[in-house]
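Peer 1: With the sequence shown counted from 1, adding 237 to any position gets you the numbering used here.
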Amino acid sequence: MDHKNEAEIVARVLNGERQAYALLVEEYKTPIYNLAYRMTRNSQDAEDLAQETFLRSFNQLFRYDKKQRFYTWLYTISLNIIRNHLKKNSNRRRDNFRQREKASGMVDLDGKQVALQESRDSYEGCKEREEELESCLQKLSPELRELLILRFYQGLPFEAIAEITGLSLSAIKMRVYRGLEKLRKYIGENVTSDR
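1. Where do the ends of the alpha helix (DSSP H) carrying S315 lie?
2. Between V413 and L385, which are expected to be in contact by the criterion C-beta below 8 Å, what is the C-beta distance as a whole number of angstroms?
3. Of the residues I398, S280, Y308 and V262, which one's Cα is nearest the Cα of K241?
4. Based on Cα-Cα distance, which residue from E369, L323, K324 and R306 lies nearest to A434?
5. So, is L272 buried or exposed, given that buried needs 16 or more other C-beta atoms within 10 angstroms?
6. Is it right to say L377 is buried, meaning 16 or more other beta carbons lie within 10 angstroms of its own, or is it exposed?
7. In chain order, what residues of the same chain lie with their CB nearer than 8 Å to the CB of I314, ignoring the 5 residues before and after it?
8. Give me the Cα-Cα distance between I269 and K364, rounded to the nearest whole angstrom.
9. Please work out which residues of its chain come closer than 8 Å, Cβ to Cβ, to V247, disregarding the five sequence neighbours upstream and downstream, and give them in chain order.
10. Work out the CA separation of G392 and K324 for me, nearest whole Å.
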């Protein structure tokens with residue numbers, strides 16, 4: 238959806254056509270859910286956080302600056318909600334979702350529930366690499382992890398990330414580079430320790 242269409246839909250909503258907001262929700266529900274899932278690694282939390290993002294953005298729509306892309310404004314709201322959630326739940330064990338998977342005999346592979354027995358043979362190598370990457374990502378500071386998720390999992394351009402986070406373009410590029418370097422180091426350490 239281009240900036241002009243977003244602005245037109247926002248104007249319609251602000252002029253009383255509340256149901257038009259569903260067009261924006263439909264456009265951005267998957268990317269916002271994916272962001273929340275990548276940050277929390279919990280599908281229920283991701284659904285709740287995505288819903289909270291859309292409710293809060295709807296209620297704060299009058300604050301939206303039409304010069305800004307809607308999706309960068311929405312991502313900013315979503316990141317703030319996710320950050321607050323992570324702070325509030327920092328005492329909760331990070332691998333809580335893996336405990337549920339083991340208990341249920343099901344594993345969540347990119348939003349698809351698959352029986353462990355069925356998936357073990359075909360996904361074992363892939364899942365191990367995914368778990369290794371996830372483990373290494375968790376070693377990064379929350380800021381660096383967030384930037385890498387926005388850039389590589391969400392596919393956002395550096396300019397959008399700068400707008401969302403309020404950091405300069407050069408700071409974003411430098412921190413993403415630093416995050417990748419640390420991630421490479423952690424992956425190298427994991428490979429060495431496995432031998």
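Think of the CB as a built atom: it goes at the ideal place given N, C-alpha and C, for glycine as much as any other residue. Predicted model, so just to flag it, every value in this text is computed and none were measured.
Peer 2: Quick answer:
1. F307 to K325
2. Contact holds; Cβ gap of about 7 Å.
3. Per the Cα distances, Y308.
4. Nothing about residue 434 can be read from this structure; the chain reaches only from 238 to 432.
5. buried
6. buried
7. T290, R293, S294 and Q297
8. 23 Å
9. L261, L298, Y301, K303 and F307
10. 25 Å
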